[in-house]
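Working notes, beginning with the structure itself.
Protein chains: 2
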Amino acid sequence: MSKSQNIFDNQEFFDGYKKIRSNRYSANNLEEKPALFSLAPDLAGKAVLDLGCGYGENCAEFKARGASTVLGVDISEKMLAVAIEEHPDIEFLRADMSDLSFIKGKYDVVFSSLAVHYVEDFSAFAKSVCDVINPGGYFIFSQEHPLTTAPITGASWFRDDDGNVLHYKLTDYARGGKRNTKWIVEGVEKHHRTFSEIVNSLCEAGFSIERMMEPVPTEETIAMDKSWEKDLHKPNFLLVKAKKQ
Amino acid sequence: MSKSQNIFDNQEFFDGYKKIRSNRYSANNLEEKPALFSLAPDLAGKAVLDLGCGYGENCAEFKARGASTVLGVDISEKMLAVAIEEHPDIEFLRADMSDLSFIKGKYDVVFSSLAVHYVEDFSAFAKSVCDVINPGGYFIFSQEHPLTTAPITGASWFRDDDGNVLHYKLTDYARGGKRNTKWIVEGVEKHHRTFSEIVNSLCEAGFSIERMMEPVPTEETIAMDKSWEKDLHKPNFLLVKAKKQ
Numbered sequence: 387m388s389k390s391q392n393i394f395d396n397q398e399f400f401d402g403y404k405k406i407r408s409n410r411y412s413a414n415n416l417e418e419k420p421a422l423f424s425l426a427p428d429l430a431g432k433a434v435l436d437l438g439c440g441y442g443e444n445c446a447e448f449k450a451r452g453a454s455t456v457l458g459v460d461i462s463e464k465m466l467a468v469a470i471e472e473h474p475d476i477e478f479l480r481a482d483m484s485d486l487s488f489i490k491g492k493y494d495v496v497f498s499s500l501a502v503h504y505v506e507d508f509s510a511f512a513k514s515v516c517d518v519i520n521p522g523g524y525f526i527f528s529q530e531h532p533l534t535t536a537p538i539t540g541a542s543w544f545r546d547d548d549g550n551v552l553h554y555k556l557t558d559y560a561r562g563g564k565r566n567t568k569w570i571v572e573g574v575e576k577h578h579r580t581f582s583e584i585v586n587s588l589c590e591a592g593f594s595i596e597r598m599m600e601p602v603p604t605e606e607t608i609a610m611d612k613s614w615e616k617d618l619h620k621p622n623f624l625l626v627k628a629k630k631q
Numbered sequence: 387m388s389k390s391q392n393i394f395d396n397q398e399f400f401d402g403y404k405k406i407r408s409n410r411y412s413a414n415n416l417e418e419k420p421a422l423f424s425l426a427p428d429l430a431g432k433a434v435l436d437l438g439c440g441y442g443e444n445c446a447e448f449k450a451r452g453a454s455t456v457l458g459v460d461i462s463e464k465m466l467a468v469a470i471e472e473h474p475d476i477e478f479l480r481a482d483m484s485d486l487s488f489i490k491g492k493y494d495v496v497f498s499s500l501a502v503h504y505v506e507d508f509s510a511f512a513k514s515v516c517d518v519i520n521p522g523g524y525f526i527f528s529q530e531h532p533l534t535t536a537p538i539t540g541a542s543w544f545r546d547d548d549g550n551v552l553h554y555k556l557t558d559y560a561r562g563g564k565r566n567t568k569w570i571v572e573g574v575e576k577h578h579r580t581f582s583e584i585v586n587s588l589c590e591a592g593f594s595i596e597r598m599m600e601p602v603p604t605e606e607t608i609a610m611d612k613s614w615e616k617d618l619h620k621p622n623f624l625l626v627k628a629k630k631q
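So the protein lines, in turn, are chains A and L.
Mapping of the first sequence onto the numbering used here: position 16 corresponds to residue 402, and the numbering continues sequentially without gaps.
Mapping of the second sequence onto the numbering used here: position 110 corresponds to residue 496, and the numbering continues sequentially without gaps.
Shown next as structure tokens:
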């Protein structure tokens, strides 16, 4: 299987990312995280695997919710150094999540927050995730919204002369494949997939889709800062809850 | 349940629609129809219901594929008059498909080609479709792509001074609800739903998603007429194959 890019060990990217994530009012905190946890089943006594765990803060929450085992996996040494320091009671492993052959044993719930868009071959990945899940277990993940990953020249908005957003410039939605984008630094490799490619890969791997979410900001968030309103034109995230059949 | 608009009995709409459908190189013929039939299971001996059957040409194809029973349902008297004349061996019924309480008995496969975007309450509709399907049976439908139905002011492209498409003007994707659009005539009522609303409604109704398609023109079609290329930015159709659990 092709290897994923390890952009998080790029110092400039790492520093920039840290800054974004420390913002209380980030899209991660206001949109993605509440949606992800709303999809979580009861974790009491469950074995949980977190693919692309980053700083490990979700791992800590899974543990707090009663998970019996939590393993956090990430490709980045720098991210894991933070995770290990902040959550010394949790097990972390450095590995490329696009190949899960290193995983021994099975898990009840596999989470992945904003990492699967770095995986090149989603079809093979879905199969390998299904292989490490107990029957009846769940794969719950978030990713950049397919409308965000679509444009080959990068996501962008059309604005009037005063800077107001008029529409999202959608291109290349049906052209799946690698995207070389600028996010914090140049040359971040992501992979665009249509909704149907995502759904079909999961179904073929042995999952049934239980729920999808495309979270948007609350009215309170928009009232606080009108720039959030553009997410109603084009959401930032897609989340899927899939059950192993 | 709210009633659907009966725009097909508007004479101007009916005439305009007839002209579009008679074009061999329409998006229906080149993209939607091949995708719909590729999702069809073996129909030999199966009871088939076609919701929004229009001219009844799909009903005839289901019959040709060996279906034991075919019932075509449409809200439009004018459309059904054509259907009855062209396919005298098939049973047709005039009714609003948004309320299926008139259906007696169960079907093995329910098809619906380009009609569900006229149904206001998709969640209630999905439940009522599930009710008329035998266990293990299928609901296979096509609809206008959610990116087409999204913009409140109607689907449109951003072009350069020479008329070349630069991007699709995406707005309002996350704002589900009624759309009052111009298509052939003014005032055609459609209903926009996000991918997640469609998927969640089907799952809650008792279906499991088996496959989704967002067909695009073939390379041959694009070579024949370059204007088809814009469908790679934004597909025209979404198709879903859902199985009653």
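Ideal Cβ placement from N, Cα and C applies to all residues, glycine included.
| Item | Value |
| --- | --- |
| List in chain order: all unbroken alpha helix (DSSP H) runs of 4+ residues lying wholly within the stretch 444-517 of chain L. | 463-472, 508-517 |
| Along the stretch 585-601 of chain A, where does the CB come closer than 8 Å to a CB of chain L? Name the residues. | VAL585, ASN586, CYS589, SER594, ILE595, GLU596, ARG597, MET598, MET599, GLU600 |
| Using alpha carbons as the reference points, say which of L:HIS577, L:LYS616, L:PRO537 lies closest to ASN550 (chain L). | L:LYS616 |
| Just to confirm my understanding: we take LEU435 (chain L), look at its own chain, exclude 5 residues before and 5 after, and list those with CB closer than 6 Å. What are they? | LEU457, TYR493, VAL496 |
| With 16 other CB atoms within 10 Å as the buried threshold, where does THR539 (chain A) fall? | exposed |
| Within 8 Å of any Cβ in chain L, is that where the Cβ of ARG561 (chain A) sits? | yes |
| Using a cut-off of 7 Å between C-beta atoms, extract the partners of LEU416 (chain A) located in chain L. | By Cβ distance, chain L contributes nothing, its closest Cβ being about 14 Å from LEU416 (chain A), past 7 Å. |
| Name the two residues that bound the continuous alpha helix (DSSP H) containing GLN397 (chain L). | 397-407 |
| Do the stretch 497-507 of chain L and the stretch 471-478 of chain L make contact, defined as three or more Cβ pairs closer than 8 Å? | no |
| Give me the chain L residues within the contact set of ILE553 (chain A), using Cβ-Cβ distance strictly less than 7 Å, ordered along the chain. | Looking at the sequence provided, one finds His at residue 553 (chain A) rather than Ile. LYS555, LEU556, THR557, listed in chain order. |
| List, in chain order, every chain L residue whose beta-carbon is nearer than 7 Å to that of PRO620 (chain A). | Here residue 620 (chain A) turns out to be Lys, not Pro, going by the sequence shown. LEU556, TYR559, listed in chain order. |
| Confirm, please, whether the CB-CB distance from PRO532 (chain L) to HIS578 (chain L) is below 8 Å. | yes |
| Which residues in the same chain have their Cβ closer than 7 Å to the Cβ of MET387 (chain L), if we skip the five residues on either side of it in sequence? | Because the pLDDT at MET387 (chain L) is just 47, under 50, the model does not fix this residue reliably, and the value given afterwards should be weighed accordingly. For MET387 (chain L), where only same-chain residues beyond five positions count, the Cβ hits under 7 Å are SER484, ASP485, ASP507, ALA510. |
| Between THR580 (chain L) and GLU398 (chain L), what straight-line distance do the alpha-carbon atoms span, to the nearest angstrom? | 30 Å |
| Could you name the residues that DSSP lists as bridge partners for ASP436 (chain A)? | A:GLY458, A:PHE497 |
| Against chain L, does MET387 (chain A) count as a neighbour if the rule is that its beta carbon must be under 8 Å from one of theirs? | At MET387 (chain A), the pLDDT of 47 sits below 50, so the modelled position is not reliable; the number obtained from the coordinates is stated separately. Chain L, which has no Cβ nearer than 8 Å to the Cβ of MET387 (chain A), makes this no. |
| Is GLU535 (chain A) helix, strand or coil by DSSP? | Sequence inspection shows Thr at residue 535 (chain A); the Glu mentioned does not correspond to that position. In this structure, THR535 (chain A) counts as helix in the three-state DSSP scheme. |
| Quick one, which of A:ASN392, A:ALA446, A:PHE394, A:ALA501 has its alpha-carbon nearest PHE623 (chain A)'s? | A:ALA501 |
| How long is the line joining the alpha carbons of ASP460 (chain A) and ASN396 (chain A), rounded to whole angstroms? | 14 Å |
| Just to make sure I have the definition right: I need the residues of chain L whose C-beta is within less than 7 Å of the C-beta of SER582 (chain A). Which are they? | MET598, MET599, GLU600 |
| Going by Cα to Cα distance, which pick from A:MET598, A:GLU605, A:LEU466 is closest to GLY442 (chain A)? | A:LEU466 |
| Verify the contact flag: LYS616 (chain L), CB atom, against every heavy atom of the ligand PLP, threshold strictly below 7 Å. | In terms of ligand content, the structure shown is empty, and the ligand PLP therefore cannot be addressed. |
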